[in-house]
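Colleague: Residues in the sequence shown are numbered consecutively from 8, following my numbering.
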Amino acid sequence: MQRYNPTIRARSLIIKDNYVLLCRLSSRPIAFLPGGRVEPGENIERAAVREIQEETGATPLTLDYLGVVEHLWSENGIPMHDLNHYFAADCPNLNTNQIPTCIDEGVELFWIPLAKLEEVPLRPEILKQLIRDYTKGIKIPWWHYVEDV
Numbered sequence: 008m009q010r011y012n013p014t015i016r017a018r019s020l021i022i023k024d025n026y027v028l029l030c031r032l033s034s035r036p037i038a039f040l041p042g043g044r045v046e047p048g049e050n051i052e053r054a055a056v057r058e059i060q061e062e063t064g065a066t067p068l069t070l071d072y073l074g075v076v077e078h079l080w081s082e083n084g085i086p087m088h089d090l091n092h093y094f095a096a097d098c099p100n101l102n103t104n105q106i107p108t109c110i111d112e113g114v115e116l117f118w119i120p121l122a123k124l125e126e127v128p129l130r131p132e133i134l135k136q137l138i139r140d141y142t143k144g145i146k147i148p149w150w151h152y153v154e155d156v
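(1) Between the C-alpha atoms of Ile145 and Met87, what's the straight-line distance to the nearest angstrom?
(2) Since Tyr72 sits in a beta bridge, which residues does DSSP pair it with?
(3) Confirm, please, whether the CB-CB distance from Leu70 to Ala157 is below 7 Å.
(4) Please state whether DSSP places Thr142 in a helix, a strand or coil.
(5) State yes or no: is the C-beta of Gly64 within less than 7 Å of the C-beta of Pro131?
(6) Could you spell out where the beta strand (DSSP E) holding Glu62 opens and where it closes?
(7) What is the DSSP secondary structure of Ile22, counted as helix, strand or coil?
(8) Within the continuous beta strand (DSSP E) that includes Pro67, where are the two ends?
(9) Using the beta-carbon count (16 or more within 10 Å), is Ile147 buried or exposed?
(10) Could you tell me if Met8 is buried or exposed, where buried requires 16 or more neighbouring beta carbons within 10 angstroms of its beta carbon?
(11) Which of helix, strand or coil does DSSP assign to Glu46?
(12) Can you tell me the Cβ-Cβ gap for Trp118 and Leu20, rounded? I've got them flagged as a contact below 8 Å.
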């Protein structure tokens with residue numbers, strides 16, 4: 008697979024009452040954690056805060072850096088390459104009885120019970136294990152390379 012410069016992204020793990028907040032494009036069933044591109048001149052933590060605010064309307068009280076997952080995949084025959092930096096975000100203003108409205112066009116947010124995480128086509132797939140470990144108190148740094156080609 009031909010390699011391209013990776014897109015640097017900041018993503019957040021938001022867990023409330025044994026639910027995790029996920030996103031998906033309205034045109035596709037694949038889910039991912041909230042977040043997006045780091046803008047030029049922006050640091051990763053600031054990007055995570057901005058993305059949470061844009062996608063949920065909430066401001067995180069705290070952010071804890073979890074680590075990075077390098078993800079390579081192909082979309083419609085086009086090679087894609089992301090460096091996803093993950094944070095655990097404490098967002099007390101969010102609640103699982105309300106689905107935040109994302110301002111990003113075509114992006115839907117939804118809460119899924121942690122117990123049903125295996126049923127969701129989450130990408131990259133390694134996140135399911137990392138989230139399970141995190142909820143069990145295993146807080147080792149995330150550092151993974153995943154190739155879905």
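Even for Gly, the Cβ is constructed at its ideal location relative to N, Cα and C.
Predicted, not measured: the structure shown is a model, and the values here were computed from it.
Modeller: Inspection of the coordinates gives the following:
(1) Going from the Cα of Ile145 to the Cα of Met87 covers about 30 Å.
(2) Answer by DSSP bridge pairing, in chain order: Phe94.
(3) The chain is shown from 8 up to 156; residue 157 falls before or after that span and cannot be answered.
(4) The three-state reading of DSSP puts Thr142 in helix, counting H, G and I together.
(5) Not in contact: Gly64 and Pro131 (Cβ atoms no closer than 7 Å).
(6) Where Glu62 is concerned, there is no enclosing beta strand (DSSP E), although the alpha helix (DSSP H) it sits in stretches over 51-63.
(7) Strand.
(8) Per DSSP, Pro67 belongs to no beta strand (DSSP E) and is neither H nor E.
(9) Exposed, since its Cβ has fewer than 16 Cβ neighbours within 10 Å.
(10) Confidence is the limiting factor: at Met8 the pLDDT is only 49, short of 50, which leaves the residue's position unreliable, though a coordinate-based value still follows. Classification for Met8: exposed.
(11) Here DSSP, grouped into helix, strand and coil, assigns Glu46 to coil.
(12) 13 Å between Cβ atoms; not a contact.
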